[in-house]
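Take a look at the structure set out below.
Residue numbers (the numbering used here), protein chains in the order written: chain H, 1 to 371; chain G, 1001 to 1371.
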């Protein structure tokens, strides 16, 4: 993997030089997911300094080289601070200040004002510029190894969910079901959960980020589960809503069909060249027309990879177009206060029609099952 | 609880006015744990604006008032943004810019450079100052309700650990033991884990932040577990090391006695008026003398409350003295690469000698048990 990381760093270096920055521009990366993308590791508070001459240094707080590194094959130097109170940002700025670097591009959307100030203080002749979301943009389109990791994450997630559906659910609490799902993710080989597992039953069903409570599953409830595995750092999301026990009531069938239709519309809008906002609109206009203008919240979905909810955001305000090999979620839902609701989430990879169209990674059925 | 939060906000307002800031200074709090301390809730990206006239506004990103609020009894106004892309920081700055506020004190150690810039852009005549860690300092000494929550968190943690010790351990993986401990915390009433549960066996024992692996527990291993419950937002930590199966080897007994001695020395150094660094030194000098100068890492322990590892840091560089009613951890350890090691962590509350001395919250035995 270390050659992959080196190639990613070279690409970032070329891009940050190409976009107007003169020779003498170094790059300082501090966002953990960006660090992991560029080096394979992300120790707490670590930063990565890319020097225009091609020397890359990972500065870490804790002593000891991270286990993923240190073989020297990817031309990454690792410098671990020994002084307990030192800040890797400050050390990186000192290193940069010694060379012929004149401009240091930092991630202003991640660095705190205090760290930025400390950095300016130790290297006063460096001009600090904003790297913006250059690394995030580079992370948008995934290579086949990244997509393979996501595919495995989705398989693990489908397995964990499938097993839960075979067990007795009535009488169990949201909290316990969520814990059991997380244990099953690990059983099937996940490193952990991609995000906190959400289980909502009855009036709690259909909520986006419901924190599981001690409410027990009852006959006639809608039950919404949202979970995802993390595998080699890559995260996916699935969400499904079921009816417990009896045949669903009419209102449940109608609401389910509506959300399912919106979810399908968003999935079908996924194509290389499609505008981000068009994917959102495909689902939003269906929910709007049925009297749920605020159901979707901020966005119908977002990119996934080393983070859940990374770029692109599939929202009404988003500007940009999808590329092939961009994995995203679509995750519409409608919640009726006091009654409950429906959410259906999938993770897909954008593919050209000639390659079979969007690749669905989370394949658990979306029929309305009565469990 | 809302009166408690209102009183805390009044105290913060008085302090930020007293420390040289003239009339016309407003305070903008963005750190999640500080928000929770001052309002009882901390929605994602929310900020709290304390206006010098005593009007407090919580600006949240998501629509909908957080369930913990909205009863109007604590004089806190809640403003939820409806535009999906809006930033609560910008809205708070607009609100501040309309009044007679001249100075806005922000948390520079938490606010990103990008948000700080956005804030300056919307309210150009406001002078931005640094609030520093004023709220963190206010959080140091806990009231009896906070200590009661910590006491319950510790009881839950002791129960979860006690049950694990009664079960068969040989042959089970670190990962499964960690998950089982987390499930038991929930069973006993925790909201969740205070921090990711760490289980390390054999050569992984004694490490500070070991991420559980698929290594199985074997006869003769040291087994280190570190866990803690979160209860009403308050977090504690316990860490214990055991020997598996047989009687411990001589090197295991010696290492255990050394770490136990260091841990006891740190506990005994906890007293109102004791310097932070003196607590660290009490443990560090014992480990140094036995040839483990780097074993302790950054600090022997730290404050606990709404966060694990909050102020004060009990480190060689820390400047300051303990007060009564400050809950802290002491958590020394020694790890021998390739062999394993010992960690022993407790959560205690600093109390005067006349009140019985330090109050131990995590009461699980520290004898070297062979399980």
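Even glycine gets a Cβ: it sits at the ideal position worked out from N, Cα and C.
Roughly how many angstroms separate the alpha carbons of residue 88 of chain H and residue 261 of chain H, rounded to a whole number? Taking the straight line from one Cα to the other gives about 50 Å.
With a threshold of 6 Å on Cβ separation, who are the neighbours of residue 102 of chain H within its own chain once the five nearest residues in sequence on each side are excluded? Excluding positions up to five away in sequence, the list reads 24.
For residue 1188 of chain G, return the contacting residues in chain H, with the cut-off set at a CB-CB distance below 7 Å. Taking a Cβ-Cβ cut-off of 7 Å, residue 1188 of chain G has no neighbours in chain H, whose nearest Cβ is about 12 Å from it.
Closest to residue 146 of chain H by CA distance: which of H/320, H/337 and H/306 is it? Nearest C-alpha to residue 146 of chain H among H/320, H/337 and H/306: H/306.
Three-state secondary structure assigned by DSSP to residue 1070 of chain G: Because residue 1070 of chain G carries a pLDDT of 48, less than 50, the predicted location of this residue cannot be relied on, and the following value inherits that uncertainty. Correct three-state label for residue 1070 of chain G: coil.
Taking C-beta to C-beta, are residue 1202 of chain G and residue 1340 of chain G nearer than 8 Å? Contact flag set, yes.
Alpha carbon to alpha carbon, how far is residue 108 of chain H from residue 49 of chain H? Give it in angstroms, no decimals. 15 Å
Whole-number beta carbon distance between residue 1123 of chain G and residue 1094 of chain G, since they are thought to touch under 8 Å: 7 Å
Quick one: is residue 344 of chain H buried, meaning 16 or more other Cβ sit within 10 Å of its Cβ, or exposed? Here residue 344 of chain H is buried: its Cβ has 16 or more other Cβ atoms, across all protein chains shown, within 10 Å.
Are the CB atoms of residue 226 of chain H and residue 235 of chain H nearer to each other than 8 Å? No. Outside cutoff.
In chain G, which residues lie with their C-beta within 8 Å of the C-beta of residue 108 of chain H? Contact of residue 108 of chain H with chain G by beta-carbon distance below 8 Å involves 1112, 1113, 1114 and 1117.
To which residues of the same chain is residue 335 of chain H closer than 6 Å at the C-beta, ignoring the five residues directly before and after it? Sequence-distant Cβ neighbours of residue 335 of chain H in its own chain, meaning closer than 6 Å and more than five residues away, are 206, 207 and 341.
Quick one: Cα of residue 12 of chain H to Cα of residue 53 of chain H, how far? 13 Å
Residue 168 of chain H by DSSP, collapsed to three states: which one? coil
Residue 10 of chain H: which of H/31, H/268 and H/51 sits nearest, CA to CA? H/51
Name the two residues that bound the continuous alpha helix (DSSP H) containing residue 449 of chain H. In the structure as shown, chain H begins at 1 and stops at 371. Residue 449 of chain H is therefore absent and cannot be evaluated.
Would you say residue 1065 of chain G faces chain H, with C-beta separation under 8 Å as the test? Note that residue 1065 of chain G has pLDDT 49, beneath the 50 cutoff, so the model's placement of it is unreliable and the number below is only indicative. False, the Cβ-Cβ gap to chain H never drops below 8 Å.
Counting only Cβ pairs nearer than 9 Å, list the residues of chain G close to residue 50 of chain H. The premise fails here: residue 50 of chain H is roughly 19 Å from chain G at the closest Cβ pair, so nothing lies under 9 Å.
Can you list, in chain order, the residues of the region 162-194 of chain H whose Cβ is nearer than 8 Å to any Cβ on chain G? 175, 176, 179, 182, 183 and 186
DSSP beta-bridge partners of residue 1234 of chain G: G/1231
Can you round the beta-carbon distance between residue 302 of chain H and residue 314 of chain H to whole angstroms, since I take them to be within the 8 Å contact cut? 6 Å
State the Cα-Cα distance for the pair residue 1370 of chain G and residue 1245 of chain G, rounded to the nearest angstrom. 6 Å
So, with DSSP's three-state summary, where would you put residue 4 of chain H? helix
At least three beta-carbon pairs within less than 8 Å, the region 1315-1334 of chain G to the region 1257-1275 of chain G: yes
Give every residue of the same chain whose Cβ lies closer than 6 Å to the Cβ of residue 282 of chain H, excluding the five residues on either side of it in the sequence, and list them in chain order. Beyond the five residues adjoining it in sequence on each side, residue 282 of chain H comes within less than 6 Å, by CB distance, of 265, 266 and 269 in the same chain, given in chain order.
Simplified DSSP state of residue 253 of chain H, which is helix, strand or coil: Of the three classes helix, strand and coil, the one that applies to residue 253 of chain H here is helix, per DSSP.
Tell me where the alpha helix (DSSP H) around residue 1280 of chain G begins and ends. 1276-1289
In the DSSP output, which residue or residues are listed as bridge partners for residue 1056 of chain G? G/1050 and G/1076
One question on the structure: do residue 8 of chain H and residue 28 of chain H come within less than 8 Å of each other, judged by their Cβ atoms? The criterion of a C-beta distance shorter than 8 Å is not satisfied by residue 8 of chain H and residue 28 of chain H.
Can you give the Cα-Cα distance for residue 1279 of chain G and residue 1362 of chain G, rounded to whole angstroms? Approximately 18 Å, taken between the alpha carbons.
Backbone CA spacing between residue 1321 of chain G and residue 1276 of chain G [nearest angstrom]: 6 Å
Residue 943 of chain G to residue 1311 of chain G span [Cα, whole Å]: Because chain G spans 1001 through 1371 in this model, residue 943 of chain G falls outside it and cannot be assessed.
Given residue 1090 of chain G, which residues of its chain have a CB within under 7 Å of its CB, disregarding the five upstream and five downstream residues? So the list reads 1118, 1119 and 1122, once near-sequence residues are dropped.
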